[in-house]
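Colleague: Below you will find the structure I want to go over with you.
Numbering (the working numbering), first residue to last: 13 to 121.
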C-alpha cells in the first residue's frame with residue numbers, strides 16, 4: 013500500500029506542475045501503466061485532478077494498440093492541492109493491512 017501512496021503523491025505532483033496546453037501523459041517510470049491509470053481515475057473521481065479523454069497507445073504483451081480513455085492529466089483542483097499538502101505533511105505510517113481508501117479518508121479528515 014505504501015507504493016500506492018507514493019504513486020498518488022507522484023500523480024498529484026505531476027498534475028500540479030502540468031502545462032495546461034499540453035497535459036501530462038498518464039505514465040510514470042517504474043509503475044505499471046494499468047496501476048497508474050486506475051489511481052488517476054480514482055483521483056479524478058474524488059475531484060483532485062482533471063483528466064482529458066482521448067486515444068492513447070497501449071502496450072500489452074509486446075503488442076501495441078490504441079485505447080480510448082483517459083490519456084492526459086490536465087490539472088489539479090484546489091481540493092487536490094490541499095490534499096497533496098496534507099499527504100506530504102503527514103507523519104502517519106502507512107498501514108499494510110488497510111485499504112488505500114480508508115487510509116486516504118483518515119488523512120482527509
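Don't be surprised by glycine CBs; every beta carbon is placed ideally from N, CA and C.
Please read these numbers as outputs of a predicted model, since none were measured by experiment.
Taking only the alpha-carbon atoms, compute the straight-line gap between residue 40 and residue 92 and give it to the nearest angstrom.
Modeller: Position 28 of the chain shown, counted from the start, is the residue given in the question as residue 40. Position 80 of the chain shown, counted from the start, is the residue given in the question as residue 92. Spanning the two alpha carbons is a distance of roughly 19 Å.
Colleague: Report, in whole angstroms, the separation of the C-beta atoms of residue 38 and residue 30, which I expect to be a contact under 8 Å.
Modeller: The residue you call residue 38 lines up with position 26 of the chain shown. The residue you call residue 30 lines up with position 18 of the chain shown. Contact doesn't hold; Cβ gap of about 11 Å is too wide.
Colleague: Can you tell which of 111, 85, 87 and 116 has its C-alpha closest to the C-alpha of residue 100?
Modeller: For the purposes of this step, residue 100 is taken as residue 88 along the chain shown, with counting starting at 1. With distances taken between Cα atoms, residue 100 lies closest to 116.
Colleague: How many Å lie between residue 22 and residue 59 at the Cα?
Modeller: The residue given as residue 22 occupies position 10 in the chain shown. The residue given as residue 59 occupies position 47 in the chain shown. If you take the alpha carbons of residue 22 and residue 59, they lie about 16 Å apart.
Colleague: Between 65, 24, 15 and 26, which has its C-alpha nearest residue 42's C-alpha?
Modeller: Within the chain shown, residue 42 is the residue found at index 30, counting from 1. With distances taken between Cα atoms, residue 42 lies closest to 15.
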